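Residue numbers (the working numbering): 129 to 897.
Here is the structure we will look at, set down as structure tokens.
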């Protein structure tokens, strides 16, 4: 694969085939029998043979041998000795979803293996914190525990291990987190990180392997069902063993083998509806996590181990109440954290963001860090201070081993634990901006680069390409998850109608011409004002399975709209055809015709130039500053991306002639209602704007000239290269087939805009519709 490329006016990146791959790709497409869009997606993900496709969908594969994990033999021997001696065994877990599922798997597994005296202990997040500690050892000794087995923790607790040995408590550790320099001295430390090639199992996955070893692989479906939840919730790579665990676990959950999960899903999954990985990631996992986030994780374990629906109902209601409280706290903290995103002297967001606040809920800071990481596209740490110390949680991005990165600055912390993707820590109170600077040093180049790249998509498609057969093939690739994400596509089509939905009308539903699948945009109802009947629309989204009243249908879930260039709102209601002659109050948006003008006017007005090439994190930071009125004057180039905000500007001032009436509609959506004013001097010359449009917009003749350079392997400037990429043509490579220009959304938009220019500038600006 060649590197992704970011195009002007596009907030996504396209994956492209290298010229030397084309022949092999065409053979793969023909042999696999897959629809073109599906074969493009799989090829881009490194799945390039028919056998590899079949392996994705096979149910007859088995997990790797449990004894491949270091010390598995020692642990099994230790446990069998404890069973023979009828010793008291305690399972010591963790309070997140992976920890509670691992606890349930290990407890039930030991019971199934014939242990008579088994209990479990999970530390309280607030009173005890993460990991195995000395007090837990003392409590176990006082309770008469002979053997304690950790799940999802323990690798970074050498002091607790030493105390256990001194007090005669046999301690065994099962874990999957990163290993410290000093390992605990225990008879068995089962952690895939000790392998030469680590098997990236979750804590629940490691526990499942222990149970398989104890039971000689005669493991009931219940264990796969519960381990699948931990695997999805802990966001481990959905490859190899993890993919098999989730696939078998989903099949087991579909049978209702876990009463607690069956009851928790309740009305969400009706009879005959299919349970998918998204149900675990976005419903079951968050409910289990909510228990520990609010302090006590035992209700989550109790739900998983429940034997009856009556018992499960009690715990399910408890978890739902905790999750609702968690959501309310999380929403408030996300807003507070966004308002604290630091900007350096040049107005940029640091490469590693640290935000902090007094008494921020320690149970929610992890999910807040995850939310900010997704929005800022960079690693994030969130800290809650309590007096002179605090607890923090950090989340990583692709390409950064977070634990190793933070370990370089371990002197900053009182305690640090975690793995590649997430870490928890405690530390003395200090300046979060200073921490941002420290952690931003020596970030890998790839991590820094991705902050400047838009959303990566698997393919750009016309809605007509998504045939029922293609949709069926995409849905058959379940389960999706980390490192095998649900395909993200840039889709373009024609609007056939829309409506808002939801009790608060906050969501948007639309249909496309000649396309049977509904398009849903949650929390984006405001985009309705940008849609035009029979007008083009482009969005980034994923196909989801929608199940209602026993029927299964696919629907699009929109991540963001792209290239929105017009709206239904009449711009004439807010316009004044006169030049601005006095200072304006409130927030003001100035619009110019080039980046050079942008820089000059920003300097003259004392305003912020709004550049299209900013990294996404800077966009979020600056948009937050605009919303908070910390930034009151900005200058945009009408040819580039504008702030992704609606109804915020008190005034919009055109310092150049607008390119066409659609630009005025788009601008009007940014004005406050009903008092916002748009200022346009009626005597501005259109020639500079029309001349620039001629240079930027691709005609058939211009594309034909650019194509000759493209065939020679040269990269044409501006939009021509984007059109060729959207048509699936590779630089320096003769295309396998001709494709109509209508398959390029960039070309379609350009033609629509050029028609508007020709029509509008036949008459004075005052007479535009």
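Note that beta-carbon positions come from the ideal geometry of N, C-alpha and C, so glycine has one too.
Predicted model, so just to flag it, every value in this text is computed and none were measured.
With distances taken between CA atoms, residue 615 lies nearest to 588 out of 563, 522, 588, 636.
Setting aside the 5 residues that flank it on each side, residue 756 is surrounded in the same chain by 467, each with a C-beta closer than 8 angstroms to its C-beta; the list follows chain order. Ranked by Cα distance from residue 465, the options 473, 482, 452, 453 are led by 482. With a beta-carbon spacing of about 23 angstroms, residue 217 and residue 225 fall beyond the 8 angstroms limit used to define contacts.
Under the three-state reduction of DSSP output, residue 172 falls in the helix class. Per the DSSP secondary-structure output, residue 248 pairs in a beta bridge with 219. Cβ contact annotation for residue 738 (same chain, cutoff 6 angstroms, sequence separation greater than five): 762, 764, in chain order.
Comparing alpha carbon positions, the residue from 409, 404, 191, 268 closest to residue 370 is 191. Residue 723: member of the alpha helix (DSSP H) spanning 723–733, first to last residue.
Straight through space, the alpha carbons of residue 290 and residue 312 are spaced by roughly 7 angstroms.
With a 10 Å radius around the Cβ and a threshold of 16 neighbouring Cβ atoms, residue 875 comes out buried.
When secondary structure is reduced to three states using DSSP, residue 254 falls in the coil class, being assigned neither helix nor strand.
Bounds of any alpha helix (DSSP H) do not take in residue 397, whose DSSP letter is neither H nor E. It is roughly 50 angstroms from the alpha-carbon of residue 253 to the alpha-carbon of residue 850. Approximately 7 angstroms separates the beta-carbon atoms of residue 546 and residue 530; this is inside 8 angstroms, confirming the contact. Considering only 164, 364, 317, the residue with the shortest C-alpha distance to residue 330 is 364. The Cβ atoms of residue 493 and residue 477 do not sit closer than 8 angstroms to each other. Residue 879 carries a helical assignment under DSSP once its states are collapsed to helix, strand and coil. Nearest C-alpha to residue 786 among 690, 185, 525, 808: 808. Counting of Cβ neighbours within 10 angstroms places residue 606 among the buried residues, the total reaching 16 or more. Pairwise C-beta distances place the region 316–336 in contact with the region 196–204, as three or more of them are shorter than 8 angstroms. Residue 260 and residue 288 do touch by the CB rule: their CB atoms are close to 5 angstroms apart, below 8 angstroms.
As a beta-bridge residue in DSSP terms, residue 808 pairs with 782. Residue 711 counts as exposed, since fewer than 16 other beta carbons sit within 10 angstroms of its beta carbon. If you keep only unbroken alpha helix (DSSP H) runs of at least 4 residues inside the region 649–703, you get nothing at all. Comparing alpha-carbon positions, the option among 203, 590, 444, 424 lying closest to residue 395 turns out to be 444. Within the DSSP bridge table, the entry for residue 716 names 761, 779 as partners. Between residue 612 and residue 366, the C-beta gap is smaller than 8 angstroms, which places the two residues in contact.
The C-beta distance from residue 572 to residue 528 rounds to 6 angstroms, short enough to fall under 8 angstroms. Distance between residue 404 and residue 378, taken at the CA atoms: about 7 angstroms. Three or more pairs of CB atoms, one per stretch, sit closer than 8 angstroms, so the region 773–781 contacts the region 798–807. Judged by DSSP secondary structure, residue 403 falls outside any alpha helix (DSSP H); it is assigned neither H nor E. The beta carbon of residue 749 sits closer than 7 angstroms to the beta carbons of 469, 471, 477 from its chain, once the five residues preceding and following it are set aside; these are given in chain order. Residue burial annotation: residue 276 is buried, with at least 16 other C-beta atoms found within 10 angstroms of its C-beta.
DSSP places residue 626 within a strand segment (E or B) once states are collapsed to three. In the displayed model, residue 790 falls within a helix according to three-state DSSP.
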